[in-house]
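*Asks:*
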Amino acid sequence: MVDNYLFGEINRISPEAPVPVVEIDSKEMKAGGAANVALNVKGLGAKPHLLTVVGDDNYAKELLKILRENGLKNNHFIFSEERPTTVKTRIFDEDKQVMRYDEEITDDISKPEEELLLTKLNEILRKEKIDIIILQDYNKGVLTKKVIKQTLLLATKLNILVAVDPKEKNFFEYQNVSLFKPNLKELSTALQMKINPKDSTSLNEAAEELKRKNRFRNLLLTLSQYGAFYSNEAGESELVSAKPINAADVSGAGDTVIAAAALAMVHKMDLYNICRFTNHVASKVCKRVGVSAVTKDDLKGFK
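The sequence shown begins at 1474 in the numbering used here and counts up one residue at a time.
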């Protein structure tokens, strides 16, 4: 996924329609989606292997260029002739976002692409020492039911941890994963229940309902300004509050959280401290405009 940014100023209304005219004076292209997760993993000091489907187009080439410029060499792209690279273009009036438009196809990838993706996954797992698999789902059609099922079977067979950031479409396909990380809106929608992010009883009820359906081993529920909530295999749970910040842009914060949580889990950090850690790094990237990956400097101040 590519995140495109157009920065300018609004000084007049169009004579063609009652809409503002943005005079663009600068542009920026960033790696988004799973590529941003990989950048976060790299920023935290680990070695990511990025496996995804992109279009056979110039945006994919630009995405590869951005990743290589940031030191990511293990990029396993499947170039599709049936779909474009997903591009999200955001238009800013100075520092205020006024519009976003998306160019994408979100149907499931084709059967041949599905098979190629799984073949490449098998190759990576066979050749490399992989500590954890991060499945970052954006409802874009790459993580199909078959891809999810086969990935989880492979991970179980090879005793590899799996961390999941789900979306609504395949929410309940991720069974018995090591770490399940929805946000409040996603969980509330999936369970069709109202959840109070400030009330531990409400959060625990939601966690128990989810456990009946997903059998997760560990839950990390992100709650935006309210922090994060966890529930683990031992039956322990807690609402871990976050310090209030002036957020400039929350886009990509979920990518940072899943990357940080996954690596913390590999290093056997307990869920309470994983919540504290992800609250900390997410607060850093939210202070920056545009999708942004965590850096080692962002870790300063975490104790």
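Glycine residues also receive a C-beta, built at the ideal position from the N, C-alpha and C atoms.
Predicted, not measured: the structure shown is a model, and the values here were computed from it.
#1: With which residues is Ser-1710 paired in a DSSP beta bridge?
#2: Please tell me whether Asn-1477 and Val-1560 are closer than 8 angstroms, where the distance is taken between their beta carbons.
#3: With DSSP as the reference, label Arg-1541 as helix, strand or coil.
#4: Just to check my reading of the structure: Thr-1525 and Ile-1582 have Cβ atoms closer than 8 angstroms, yes? What is that Cβ distance to the nearest angstrom?
#5: List the endpoints of the continuous alpha helix (DSSP H) containing Leu-1625.
#6: Does DSSP put Gly-1481 in a helix, in a strand, or in coil?
#7: Tell me the DSSP bridge mates of Gln-1609?
#8: Would a C-beta distance cut-off of 8 angstroms place Asp-1529 and Ser-1553 closer than the cut-off?
#9: Quick one: what's Leu-1693 bridged to in DSSP?
#10: Just the Cα atoms here: how many angstroms apart are Val-1635 and Asn-1484?
#11: Report the residue from Lys-1716, Arg-1541 and Pro-1717 whose alpha carbon sits nearest the alpha carbon of Ala-1508.
#12: As a quick exercise: from Val-1764, Ala-1707, Lys-1769 and Asn-1691, pick the residue whose alpha carbon is nearest that of Ile-1747.
#13: Can you tell which of Val-1620, Asn-1547, Asp-1604 and Tyr-1574 has its C-alpha closest to the C-alpha of Leu-1591?
#14: Across the stretch 1512-1526 and the stretch 1487-1497, are there enough close Cβ pairs to call them in contact, namely three or more that are closer than 8 angstroms?
#15: How many angstroms separate the CA atom of Val-1510 from the CA atom of Gln-1698?
#16: Is it buried or exposed for Tyr-1574, if we count other Cβ within 10 angstroms and need 16 for buried?
#17: Could you give the residue range of the beta strand (DSSP E) that holds Leu-1772?
#18: Put Ile-1731 into one of helix, strand or coil per three-state DSSP.
#19: Leu-1537 and Asn-1548 - do their beta-carbons sit closer together than 8 angstroms?
#20: Where do the N-terminal and C-terminal ends of the beta strand (DSSP E) with Phe-1789 fall, by residue?
#21: Could you please give me the residues that DSSP links to Ser-1499 through a beta bridge?
#22: Please classify Glu-1586 as buried or exposed, where buried requires at least 16 other C-beta atoms within 10 Å of its C-beta.
#23: Taking the alpha-carbon positions, what's the Glu-1596 to Leu-1683 distance?
#24: Cα separation between Val-1713 and Ser-1673?
#25: Can you find the residues in the same chain that come closer than 8 angstroms, C-beta to C-beta, to Lys-1593, ignoring five residues on each side of it along the sequence?
#26: List the residues that DSSP assigns as beta-bridge partners of Asn-1656.
#27: How about Glu-1678: is its C-beta nearer than 8 angstroms to some C-beta of chain B?
#28: Count the other CB atoms, across all protein chains shown, that sit within 10 Å of the CB of Gln-1609; report buried if there are 16 or more and exposed otherwise.
#29: Taking all protein chains shown into account, decide if Asn-1612 is buried (16 or more other Cβ within 10 angstroms of its Cβ) or exposed.
*Replies:* Looking at the coordinates:
#1: Ser-1704
#2: yes
#3: helix
#4: Between Ile-1582 and Thr-1525 the Cβ distance is about 10 angstroms, and since that is not below 8 angstroms, they are no contact.
#5: Judged by DSSP secondary structure, Leu-1625 falls within the alpha helix (DSSP H) whose first and last residues are 1618-1631.
#6: DSSP places Gly-1481 in strand when its eight states are reduced to three.
#7: Note: Gln-1609 sits in a beta bridge opposite Asp-1638.
#8: Contact: yes.
#9: Tyr-1703
#10: 49 angstroms
#11: Among Lys-1716, Arg-1541 and Pro-1717, the Cα nearest to that of Ala-1508 belongs to Arg-1541.
#12: Asn-1691
#13: Val-1620
#14: As far as the Cβ criterion goes, the stretch 1512-1526 does not touch the stretch 1487-1497, which means the pair count is below three.
#15: 21 angstroms
#16: Sixteen is the threshold: since fewer than 16 other Cβ atoms of the shown chains lie within 10 Å of the Cβ of Tyr-1574, the residue is exposed.
#17: No beta strand (DSSP E) holds Leu-1772; DSSP gives it neither H nor E.
#18: helix
#19: Yes, Cβ-Cβ distance for Asn-1548 and Leu-1537 is below 8 angstroms.
#20: Not covered by the structure: residue 1789. The range shown for the chain is 1474 to 1776.
#21: Phe-1480
#22: buried
#23: Their backbone Cα atoms lie some 33 angstroms apart in a straight line.
#24: 10 angstroms
#25: Leu-1524, His-1549 and Ile-1551
#26: Thr-1695
#27: Among the protein chains of the structure shown there is no chain B, as only one such chain exists.
#28: buried
#29: exposed
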